[in-house]
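Protein chains: 2
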Amino acid sequence: MVDTRFAVSVQIMTSLAYRYGGEELMSSEDFGHILQTNPTFIRKLITKLVQANLVESFRGKGGGIKLARAPREITLKEIYQAVMADKRLVATHEKPAFKHCPVSCSMGQILCDVVTGMERSTLSYLEKQRLSDLVSKIK
Amino acid sequence: MVDTRFAVSVQIMTSLAYRYGGEELMSSEDFGHILQTNPTFIRKLITKLVQANLVESFRGKGGGIKLARAPREITLKEIYQAVMADKRLVATHEKPAFKHCPVSCSMGQILCDVVTGMERSTLSYLEKQRLSDLVSKIK
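Set out below in structure tokens:
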């Protein structure tokens, strides 16, 4: 299954940033409607965003969520790490090493180092992108 | 399904690089055995690596593959692009925009820009990694 957690989270956060400063809260049902996506999936992402202190949640009638900080104080790295921390950027294969082959025996660590380098480069880019930069692109 | 094309291709290329300069060719069956992976999957990757001029293929009895260039002349960026060119680094969601929402209408382009930036950072890192660097890590 295609993993859209980051893309959907960026859209949730950008929607909240677009309304930042207003009184209106948004609900997971609002996002389910706009994104044409299962509200349960949205709620799981919102839970992660709340845990990462990116979003504040208010319960009860008229409840919903809003940004916990100003859009210029939130980077895309924080959003990525909040929802994708459990997944490597590209998959490494999990088969046990073929013991008669020195390449195979070293490959687990070599691939781990490569993927770690890829992740660091990506996160370094995302750290420079602020939510306010995305809002400024909305037409 | 987890996409291991890059990881498996890096292992194929590192195995060939480890043997670079020797006479022995390796076959897709050899790699299927070492990697405990379906040889058909391996053959598809090898076809891409041949098309990208990273690997040379020799048919017939005793046939197989070898590197087309020295390990220090091959970067991981070339390997990535050879086998992953048809896939974005992270998925964007393909749902049509919700026309009453300005954020939704701009989001396709905004997400495309973000993922393009992530891909450029990753490729820039992979461009600096040579196959010879990986061979030097084999114990």
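Protein sequence lines, in the order shown, are assigned to chains A and B. Numbering that gives the first Met the number 0 applies: residue 0 is where the first sequence begins, and numbers increase by one. Numbering that gives the first Met the number 0 applies: residue 0 is where the second sequence begins, and numbers increase by one. For every residue, glycine included, the Cβ atom is placed at its ideal position computed from N, Cα and C.
Proximal residues of chain A, C-beta to C-beta of residue i below 8 Å
{"i": "B/D85", "result": "What B/D85 touches in chain A: nothing, since even the nearest Cβ is about 14 Å away."}
{"i": "B/L24", "result": "Those within 8 Å of B/L24 in chain A number zero; the least Cβ separation is about 16 Å."}
Nearest-angstrom Cβ-Cβ length linking residue i and residue j, presumed shorter than 8 Å
{"i": "B/I81", "j": "B/L125", "result": "Note that residue 81 of chain B is Ala in the sequence shown here, rather than Ile. Going by Cβ atoms, the distance from B/A81 to B/L125 rounds to 12 Å, so no, they are not a contact pair."}
{"i": "A/H92", "j": "B/A67", "result": "In fact, because the Cβ distance is near 24 Å, the residues do not count as touching under 8 Å."}
Contact with chain B by residue i, beta-carbon distance below 8 Å
{"i": "A/F5", "result": "yes"}
{"i": "A/Y19", "result": "no"}
Inter-residue Cα distance where the pair is residue i and residue j
{"i": "B/L130", "j": "A/S123", "result": "24 Å"}
{"i": "B/C111", "j": "A/C100", "result": "41 Å"}
{"i": "B/E23", "j": "B/P70", "result": "16 Å"}
{"i": "A/D120", "j": "A/K127", "result": "Asp is not the amino acid found at residue 120 of chain A; the sequence shown has Ser there. When rounded, the distance between both Cα atoms is 11 Å."}
{"i": "A/N37", "j": "A/I78", "result": "20 Å"}
{"i": "B/S94", "j": "B/T74", "result": "As written in the sequence, residue 94 of chain B is Lys, which differs from the Ser given in the question. Each residue's alpha carbon lies about 36 Å from the other."}
{"i": "B/I11", "j": "A/L44", "result": "37 Å"}
{"i": "A/I64", "j": "B/D2", "result": "35 Å"}
{"i": "B/V86", "j": "A/K60", "result": "The residue you asked about is not Val; residue 86 of chain B is Lys in the sequence shown. Roughly 43 Å separates the two Cα atoms."}
{"i": "A/G21", "j": "B/V102", "result": "16 Å"}
{"i": "B/Q35", "j": "A/A51", "result": "39 Å"}
{"i": "B/A90", "j": "A/M25", "result": "24 Å"}
{"i": "B/S14", "j": "A/F97", "result": "12 Å"}
{"i": "B/T39", "j": "B/V114", "result": "31 Å"}
{"i": "A/G31", "j": "B/K138", "result": "51 Å"}
{"i": "A/K136", "j": "B/M106", "result": "9 Å"}
{"i": "B/L88", "j": "A/R58", "result": "36 Å"}
{"i": "A/E118", "j": "A/S8", "result": "18 Å"}
{"i": "A/E72", "j": "B/S27", "result": "51 Å"}
{"i": "A/D29", "j": "A/D132", "result": "23 Å"}
{"i": "A/R42", "j": "B/A84", "result": "33 Å"}
{"i": "A/R4", "j": "A/Q108", "result": "27 Å"}
{"i": "A/G62", "j": "A/E55", "result": "11 Å"}
{"i": "A/L48", "j": "B/R18", "result": "48 Å"}
{"i": "B/C104", "j": "A/I33", "result": "10 Å"}
{"i": "B/K76", "j": "A/A16", "result": "35 Å"}
{"i": "B/T46", "j": "B/V134", "result": "23 Å"}
{"i": "B/G116", "j": "A/G116", "result": "16 Å"}
Proximity test, Cβ basis, 8 Å: residue i and chain A
{"i": "B/S8", "result": "no"}
{"i": "B/S103", "result": "yes"}
{"i": "B/K94", "result": "yes"}
Under 8 Å by beta carbon: chain B residues contacting residue i
{"i": "A/K98", "result": "Within chain B, no residue comes near A/K98; the closest Cβ sits about 10 Å away, beyond 8 Å."}
{"i": "A/Y124", "result": "G116, M117, R119 and S120"}
{"i": "A/Q128", "result": "V113 and G116"}
7 Å Cβ cut-off: residues of chain B touching residue i
{"i": "A/L75", "result": "V113"}
{"i": "A/I137", "result": "P101, V102 and S105"}
Partners in chain A for residue i, counting only beta-carbon separations shorter than 9 Å
{"i": "B/S14", "result": "C100, V102, S103 and M106"}
Amino acids of chain A, ordered along the chain, whose beta-carbon sits closer than 7 Å to that of residue i
{"i": "B/V1", "result": "A90"}
Interface flag, residue i vs chain C, CB-CB below 8 Å
{"i": "A/V113", "result": "Here the protein chains are A and B, and chain C is not one of them."}
Near-chain A residues of the region 26-52 of chain B (beta-carbon distance less than 8 Å), N- to C-terminal order: H32, I33, L34, Q35 and T36
Residues, ordered as in the chain, of the region 106-118 of chain B that lie near chain A by beta-carbon distance below 9 Å: M106, Q108, I109, L110, D112, V113, V114, G116, M117 and E118
Residues from the region 54-69 of chain B in contact with chain A, defined by Cβ distance under 7 Å: none
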